[in-house]
Amino acid sequence: MSKQVKQLDRVIIRFAGDSGDGMQLTGDRFTQESAVFGNDLVTLPNFPAEIRAPQGTIPGVSSFQVHFADHDILTAGDAPDVLVAMNPAALKANLGDLPKGATIIVDTHDFSARNLQKAGYEANPLDSLGDAGSILGEFAVHPIDLTGMTVEAVKEFGLSRKDAARAKNMFALGLLSWMYGRPTEPTEAFLSKRFAKVPDIRDANITAFKSGWNFGETTETFAVQYEVKPAPMAPGTYRNITGNLALAYGLVAAGVQSELPVFLGSYPITPASDILHELSKHKAFGVTTFQAEDEIAGIGSALGAAFAGQLAVTTTSGPGVALKSETIGLAVMTELPLVIVNVQRGGPSTGLPTKTEQADLLQAMFGRNGEAPVPVVAPQSPGDCFDAALEAARIAVTYRTPVFLLSDGYLANGSEPWRIPELSELPVIEPGFAAPREQDDAAFRPYDRDPETLARPWAIPGTPGLEHRIGGLEKGDGHGNISYDPANHDLMVRTRQAKIDRIAESLPPLVVDDPSGEAKVLVIGWGSTYGPIGAGVRRVRKAGFNVAQVHLRHLNPFPKDLGEILKGYDKVLVPEMNLGQLSMLLRAKYLVDAQGYNQVRGLPLKAADLAQAIGELVAQAEGVTVDLTPATEKESAR
Amino acid sequence: MTAIDLGVPGLRSGVELVPTADGPQSAKEYSSDQEVRWCPGCGDYAVLKAVQSFLPDLGLRRENIVFVSGIGCSSRFPYYLDTYGMHSIHGRAPSIATGLATAREDLSVWVVTGDGDALSIGGNHLIHALRRNVNMTILLFNNRIYGLTKGQYSPTSEAGKITKSTPMGSVDHPFNPISLALGAEGTFVARTVDSDRKHLTSVLAAAAAHRGTSLVEIYQNCPIFNDGAFDAIKDADTKADAIIPLVHGEPIRFGAEGARGLVRDQATGGVKVVDVADVGESALLVHDAHNPDPTTAFAISRLTDAGVLHQAPIGIFRQVERPTYDDQARAQVASATSAASGDARERLAGLIGGGDTWTVV
Numbered sequence: 001m002s003k004q005v006k007q008l009d010r011v012i013i014r015f016a017g018d019s020g021d022g023m024q025l026t027g028d029r030f031t032q033e034s035a036v037f038g039n040d041l042v043t044l045p046n047f048p049a050e051i052r053a054p055q056g057t058i059p060g061v062s063s064f065q066v067h068f069a070d071h072d073i074l075t076a077g078d079a080p081d082v083l084v085a086m087n088p089a090a091l092k093a094n095l096g097d098l099p100k101g102a103t104i105i106v107d108t109h110d111f112s113a114r115n116l117q118k119a120g121y122e123a124n125p126l127d128s129l130g131d132a133g134s135i136l137g138e139f140a141v142h143p144i145d146l147t148g149m150t151v152e153a154v155k156e157f158g159l160s161r162k163d164a165a166r167a168k169n170m171f172a173l174g175l176l177s178w179m180y181g182r183p184t185e186p187t188e189a190f191l192s193k194r195f196a197k198v199p200d201i202r203d204a205n206i207t208a209f210k211s212g213w214n215f216g217e218t219t220e221t222f223a224v225q226y227e228v229k230p231a232p233m234a235p236g237t238y239r240n241i242t243g244n245l246a247l248a249y250g251l252v253a254a255g256v257q258s259e260l261p262v263f264l265g266s267y268p269i270t271p272a273s274d275i276l277h278e279l280s281k282h283k284a285f286g287v288t289t290f291q292a293e294d295e296i297a298g299i300g301s302a303l304g305a306a307f308a309g310q311l312a313v314t315t316t317s318g319p320g321v322a323l324k325s326e327t328i329g330l331a332v333m334t335e336l337p338l339v340i341v342n343v344q345r346g347g348p349s350t351g352l353p354t355k356t357e358q359a360d361l362l363q364a365m366f367g368r369n370g371e372a373p374v375p376v377v378a379p380q381s382p383g384d385c386f387d388a389a390l391e392a393a394r395i396a397v398t399y400r401t402p403v404f405l406l407s408d409g410y411l412a413n414g415s416e417p418w419r420i421p422e423l424s425e426l427p428v429i430e431p432g433f434a435a436p437r438e439q440d441d442a443a444f445r446p447y448d449r450d451p452e453t454l455a456r457p458w459a460i461p462g463t464p465g466l467e468h469r470i471g472g473l474e475k476g477d478g479h480g481n482i483s484y485d486p487a488n489h490d491l492m493v494r495t496r497q498a499k500i501d502r503i504a505e506s507l508p509p510l511v512v513d514d515p516s517g518e519a520k521v522l523v524i525g526w527g528s529t530y531g532p533i534g535a536g537v538r539r540v541r542k543a544g545f546n547v548a549q550v551h552l553r554h555l556n557p558f559p560k561d562l563g564e565i566l567k568g569y570d571k572v573l574v575p576e577m578n579l580g581q582l583s584m585l586l587r588a589k590y591l592v593d594a595q596g597y598n599q600v601r602g603l604p605l606k607a608a609d610l611a612q613a614i615g616e617l618v619a620q621a622e623g624v625t626v627d628l629t630p631a632t633e634k635e636s637a638r
Numbered sequence: 639m640t641a642i643d644l645g646v647p648g649l650r651s652g653v654e655l656v657p658t659a660d661g662p663q664s665a666k667e668y669s670s671d672q673e674v675r676w677c678p679g680c681g682d683y684a685v686l687k688a689v690q691s692f693l694p695d696l697g698l699r700r701e702n703i704v705f706v707s708g709i710g711c712s713s714r715f716p717y718y719l720d721t722y723g724m725h726s727i728h729g730r731a732p733s734i735a736t737g738l739a740t741a742r743e744d745l746s747v748w749v750v751t752g753d754g755d756a757l758s759i760g761g762n763h764l765i766h767a768l769r770r771n772v773n774m775t776i777l778l779f780n781n782r783i784y785g786l787t788k789g790q791y792s793p794t795s796e797a798g799k800i801t802k803s804t805p806m807g808s809v810d811h812p813f814n815p816i817s818l819a820l821g822a823e824g825t826f827v828a829r830t831v832d833s834d835r836k837h838l839t840s841v842l843a844a845a846a847a848h849r850g851t852s853l854v855e856i857y858q859n860c861p862i863f864n865d866g867a868f869d870a871i872k873d874a875d876t877k878a879d880a881i882i883p884l885v886h887g888e889p890i891r892f893g894a895e896g897a898r899g900l901v902r903d904q905a906t907g908g909v910k911v912v913d914v915a916d917v918g919e920s921a922l923l924v925h926d927a928h929n930p931d932p933t934t935a936f937a938i939s940r941l942t943d944a945g946v947l948h949q950a951p952i953g954i955f956r957q958v959e960r961p962t963y964d965d966q967a968r969a970q971v972a973s974a975t976s977a978a979s980g981d982a983r984e985r986l987a988g989l990i991g992g993g994d995t996w997t998v999v
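Chains as they are written, first to last, in this note's numbering: chain A, 1 to 638; chain B, 639 to 999.
Structure representation (structure tokens):
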């Protein structure tokens, strides 16, 4: 039976189930299939902080959203076109995000009285399908006993009922893979490898996956198969990559490019731990990972390794930075290279460990005693974490300074196709250790400075003639002995600031995206909001209006041309997942009336909301009425 | 997760991988040009002199020695030595030294700390350094008072101590640093005294030679805020009765003409002080610093007075071999590196280009 094939340009699917239902794996596999197929894509995993929250409850719901398209896309999508709900709680938790007409595939097996009650349903919503006033009335609902069919399909393997039922996620994956014409080989190969040591489980999962596919092919429930063609992309070899993986690879690459051993001192914390896990696998690159007794020892050991002459890194999230602050101050004072990775999460305090936020910018800027400037670098997408890590390492080594690399939970766990760079594209990082001295040479001066960068020498133990003492007490200019002299302190405070400011000399000009050159409104952001801002800007432009976009990689120091760029626009909008931290910095430094667009919901900003906010500013700036309907649709309506 | 055999090579001296000096060195070479600024009469002077005299005997290249300290009077120590040094932040010296020692097998790493620095704010790092057995020597200057902040009680001050912050007497129970180190599975745990240059030097030599974390508690007098805290073990009239000397392989006896000694206490499972005449010489406990079981060493450490000090065992309580964290960490990196073929850049290209890929032309 050949079914109808309908062309789509993009689809957003959300897999949702209980924490133990394997939804992250299911979403990840669907993503890999789509990546290999050649779609552009962006993902948004969303899971509870509890490892196993109470089964069947709303807090226990784990979901994975994937947005894939035949063209370049920037976000994981605002609202899912398709929801796969494995139990009542998953249905209830996600229903509010669905637009009218969305498709819902429900595993009916878990819609028992007990599970309905746990999810807070007084009656089974599936019983009233088709009734007037049904809460599911506006959606295309497919109630299917996914679990039952899975158990039936894998019965030949003699698994316990529980183990058999656990393969239901692969049945669902098979069904969705059929619906969207995904290639199946990558998932079959993956399952063969993943469960190589347990043949029964392996075969059951592959069988469930194939059965799901075949069910789509044969059942009359699904009359239409959809096709989303591959997206045109720049030539190159691609892979799908998460931010944490790209960041870890960037650190390995920084070690290779600087020919320095990498030393990671770290303490596990969500959502940064995967960087520690990944780097611990790469000892063959000379990477040492040290799981310390606490956050303080994590950075302490890294600072020791920096003194020893290694490429030192510590990885953490916001609460960990709070504990590391004193040592960051010591790194500022001793002027040693150190990369501090903060994978930001919802705060304050323990906050929302598994959710995203970008509210640690001012902590990175100012969260230390005294005048303790630290450069700040931020990646804008999962794949960009690779380049940002190399840039943080370049600045740290070149300027002998701690550097903040501000990722966030959305970048860390989200993924996108990444064009694998050629090695020739990577920056070369020069450690430039201070050379040994003979007895007759002039005395070594550990705080003499390079006239261009203002960096002091990196004089590592084991080098004859450079014996010296560093530490947290103020050092005399040049000679580096303890100094309590007021004029010297003033000079050293200003010099440390001047050194950080000097980094701006090494930065490329900003790229202003202003296709018409006539925009009066500039949208400026940093970090993971790049995707939503870009998508919002596109919507405004599609509706026929002008808007410019700039995205900052460097938050401290700001690029030299930023002030001039800001002056060129009537209105400046700063969307952030905080209460206005970048906008505060811009207003303070450039005296510009930067307006914030701020949400702290633990979730990425939505393109539609941003388009709305941008549109309002365009209306004010240009004195026009802004209708965000795409220009093409407006014309056809005439 | 399952444990795997790490296949550690044979144990080595603490300074085995550190390059040695070309010729004889002098104490003067180890003195920096900085003026020493401790209070007159401070016990730190004696320790500094002893270390400056001892380091030449160690015969290492001066540039391969690093002293790391925390915060407190004693933590100024690195400024006065012409080696590499870092005067860090309060309590964190062991963590910084752990990074240094793990990164570089060719360094002799020393930590200088005090009772406040090591046992209050830095307690966590101290116990974990001991547990991991990172190759470094920790000199814990114990004056049983906070000096730099001008005289508050410390975690080794006796209960009831009247200080600026405890006008009615301290209600804090003190730590016994030796008991703490043994409890943390320290492999080299010793106690010595600032004023006994000969004993101090012999303990430093054994500590430096030990591969792993060596903890040396040094009783050190603060003449300003806690003067006389250790008079009992320094005064010629009382010291014979106050010091219980620990020498590996020797029966533990002390007092005038060795009239007193230690025996096992059958009632408590610990050890107790007896008159040798009462039990006979053969009943005395023979000190075994190499005993893999730390139980007896711990029992001996309990003979230290928790209050005003009248009696304390002095010497090396424990000296046992256990693989060090840094050796094992480096061995894993070395084994992975030697197993990899091709240069690092080619392997990097392989790493980032791995996984499921597709090519767009």
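Heads up, the beta-carbon is just placed ideally off N, CA and C, and yes, glycines get one too.
In terms of beta-carbon proximity, Asp450/A stays away from the interface with chain B, with every pair separated by 8 Å or more.
Between the C-alpha atoms of Thr108/A and Trp526/A there is a straight-line separation of about 43 Å. Note on Glu295/A: 16 or more other CB atoms within 10 angstroms of its CB, so buried under the neighbour-count rule. Rounded to the nearest whole angstrom, the C-alpha separation of Asp865/B and Glu796/B is 14 Å.
Residue environment for Gly679/B: exposed (fewer than 16 other C-beta atoms within 10 angstroms of its C-beta). In the DSSP assignment, Ile299/A falls within the alpha helix (DSSP H) that extends over Glu295 to Ala308. Within the DSSP secondary-structure output, Thr658/B pairs in a beta bridge with Leu698/B.
Taking 7 Å as the Cβ-Cβ cut-off, the stretch 715-728 of chain B approaches chain A at Pro716, Tyr717, Asp720, Thr721, Tyr722, Gly723, Met724, His725, Ser726 and Ile727, given in chain order. Leu95/A: member of the alpha helix (DSSP H) spanning Pro88 to Leu95, first to last residue. For the stretch 683-710 of chain B, the set of residues with a beta-carbon nearer than 9 Å to any beta-carbon of chain A comprises Arg699, Arg700, Glu701, Asn702, Ile703, Val704, Phe705, Val706, Ser707 and Ile709, in chain order.
Taking every protein chain shown into account, the CB of Pro486/A has fewer than 16 other CB atoms within 10 angstroms, so this residue is exposed. Neighbours of Arg742/B across chain A, judged by C-beta separation under 9 Å: Ala305, Ala308, Gly309, Gln310, Ile460, Pro461 and Gly462.
Nearest in C-alpha terms to Tyr668/B, of all of Ala978/B, Arg650/B, Ala688/B and Ser803/B, is Ala688/B. Proximity of the stretch 779-798 of chain B to the stretch 698-714 of chain B meets the contact definition, three or more beta-carbon pairs being nearer than 8 Å. With fewer than 16 other beta carbons inside 10 angstroms of its own, Thr625/A counts as exposed. The Cβ of Asn244/A sits no closer than 8 Å to any Cβ of chain B.
DSSP places Leu311/A in no alpha helix (DSSP H) but in the uninterrupted beta strand (DSSP E) bounded by Leu311 to Thr316. As the crow flies, the alpha-carbon of Arg161/A is around 21 Å from that of Arg194/A. Secondary structure of Lys229/A (DSSP, three-state): coil. Contact annotation for Gln32/A against chain B: Asp994 [CB-CB distance below 8 Å, chain order]. Every beta strand (DSSP E) stretch that sits fully inside the stretch 826-858 of chain B and reaches 3 residues is listed by chain position as 826-831 and 851-857. Relative to the Cα of Thr315/A, the nearest Cα in the group Pro337/A, Ala378/A and Ser273/A belongs to Ser273/A. Leu552/A places its beta carbon 8 Å or farther from that of Phe386/A. Taking the Cα positions, Gly60/A is about 43 Å away from Thr401/A. Residue contact check for Tyr249/A against chain B: a CB pair falls below 8 Å. Taking a Cβ-Cβ threshold of 8 Å, the residues of chain A close to Leu738/B are Gly304, Ala305, Phe307, Ala308 and Pro461, in chain order. Look at His468/A: its C-beta is under 8 Å from a C-beta on chain B. Cβ neighbours of Gly887/B within its own chain (closer than 8 Å, five residues either side excluded): Val924, His925 and Asp926. When DSSP reads this structure, Asp107/A sits in a beta bridge with Ile144/A. Cys860/B is classed as buried because its beta carbon has at least 16 other beta carbons within 10 Å across all chains shown.
Asp28/A is outside the set of residues whose beta carbon lies under 8 Å from a beta carbon in chain B. Residue range Tyr722 to His725 is occupied by the beta strand (DSSP E) that includes Met724/B. Listed by position along chain A, the residues whose Cβ is nearer than 7 Å to that of Thr775/B form an empty set, because the closest Cβ is around 15 Å away. Ile765/B: member of the alpha helix (DSSP H) spanning Gly761 to Arg770, first to last residue.
Only Pro186 from the stretch 177-202 of chain A bring a Cβ to less than 8 Å from some Cβ of chain B.
With respect to the 8 Å criterion, Pro143/A and Leu116/A are not classified as neighbours on the basis of their beta carbons.
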